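Just so we're aligned, residue 2 is where the sequence shown starts under the numbering used here, counting upward by one.
These notes are about the structure you will find just below.
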Amino acid sequence: MARLSDIVIQNPQVTHFADLETLIAQAAQNGLISLEMDVKPDYIDPPRNWAWRLEGTFYRGTSR
């Protein structure tokens, strides 16, 4: 299991929500089994449905 906060902290080069979605998709493809949404991403562009979008990205294993 991974926490969203850990992924964000380990990847300071990610500064936009779309890049975070790509990172989450890669983590899922690399075998990450579960993801805990423990923080709201602190970017300038997270959508209102950010948790739903990241969850969908994680379970699909692909970004939009």
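Cβ atoms here follow ideal geometry from the backbone N, Cα and C, with glycine treated the same way.
Because the structure is a prediction, the values reported are computed rather than measured.
For Asp3, write down the residues that DSSP places opposite it in a beta bridge.
-> Residue mapping note: residue 3 aligns to position 2 of the sequence shown, counting from 1. A quick correction: the sequence has Ala, not Asp, at residue 3. Beta-bridge pairing links Ala3 to Leu36.
Cβ-based burial, Glu22 [other Cβ within 10 Å; buried from 16] | Counted from its first residue, the sequence shown places residue 22 at position 21. With 16 or more Cβ atoms within 10 Å of its Cβ, Glu22 is classed as buried.
When you compare each of Ile10, Tyr60, Gly62 and Leu55 to Met38 by their alpha carbons, which one comes out closest?
-> Position 37 of the sequence shown holds residue 38. Checked all of Ile10, Tyr60, Gly62 and Leu55; the closest Cα to Met38 is Leu55.
When DSSP labels each residue in this structure, what does Thr58 get in the three-state scheme?
-> Here residue 58 corresponds to residue number 57 of the sequence shown, with the count starting at 1. In this structure, Thr58 counts as helix in the three-state DSSP scheme.
For the candidate residues Thr63, Arg61, Pro47 and Gly57, whose alpha-carbon lies nearest to that of Ala16?
-> As a first step, residue 16 is located in the sequence shown; it is residue number 15 there, counting from the start. Reading off the sequence, residue 16 comes out as Thr, not Ala. When only C-alpha atoms are compared, the closest one is Pro47.
Rounded separation between Ala3 and Ser35 - CA only = Locating residue 3 in the sequence shown gives position 2, counting from the first residue. Locating residue 35 in the sequence shown gives position 34, counting from the first residue. Rounded to the nearest angstrom, the two C-alpha atoms are 6 angstroms apart.
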